[in-house]
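One structure below.
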Amino acid sequence: MTKEAKLIMPKHIWDGKKKETQKKELEKVPEPTGYHLVLFPLKLEGNTAGGIHLTDQAIEQASVATNICKVMKVGPDAYTDKEKFPHGPWCKKDDWIIITRYAGSRVSIDGGELRIINDDEVLAVVDDPRDILPANLI
76 MTKEAKLIMP KHIWDGKKKE TQKKELEKVP EPTGYHLVLF PLKLEGNTAG GIHLTDQAIE
136 QASVATNICK VMKVGPDAYT DKEKFPHGPW CKKDDWIIIT RYAGSRVSID GGELRIINDD
196 EVLAVVDDPR DILPANLI
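All you need for our numbering is the position in the sequence shown, starting with 1, plus 75.
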């Protein structure tokens, strides 16, 4: 008589419920705490407008050079410090922003990447990322 192996986990860590099977994409985005922002980095297509196929290295170089991200979520304490941000928030949800190359932490979700940064790591806000990308990549 064989027994099935069971995972032994303290109740305070795991309540025994089964994992939800189908979550919508936006439900998978973590909720930022404190003064953090959750960003979705801009990913470039593999082909140019003229149909030229770009190498992975060319795409990576362009992505690193620009560091343009869309603000997905804003933490509850972001931009609330009136001394640090006397003119109000630097950005809001759904804005396109520019950050430094190594800003924040990278989080992988379903093969994609999100960034979690502090509210004061935003360098600039852009209306349309296509305005500042190299013309041969659009």
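For glycine and all other residues, C-beta sits at the position ideal for the given N, C-alpha and C.
In this text the structure is predicted, and so the values were computed from the model without any measurement.
What do you get for residue 194, buried or exposed, if any count of 16 or more other CB atoms within 10 angstroms of its CB means buried?
buried
Among the residues of its own chain, which have a CB less than 7 Å from the CB of residue 160, if the five just before and after it don't count?
154
First and last residue of the beta strand (DSSP E) that includes residue 192?
187-193
Nearest to residue 147 by alpha carbon, out of 126, 130, 128, 113?
113
Which listed residue (180, 196, 197) has its alpha carbon closest to that of residue 189
180
So, using beta-carbon positions, are residue 165 and residue 201 closer together than 8 Å?
no
In terms of alpha-carbon separation, which member of 142, 104, 128, 107 lies closest to residue 204?
142
Which residue spans inside the segment 145-182 form an unbroken alpha helix (DSSP H) run of at least 4?
none
For residue 184, collect the residues of the same chain with a Cβ closer than 6 Å to its Cβ; drop the 5 residues on either side in sequence, then sort them by chain order.
103
Answer yes or no: do residue 110 and residue 150 have a C-beta to C-beta separation smaller than 8 Å?
yes
Reduced DSSP secondary structure (H/G/I, E/B, other) of residue 112
strand
What's the gap between the Cα of residue 130 and the Cα of residue 105?
31 Å
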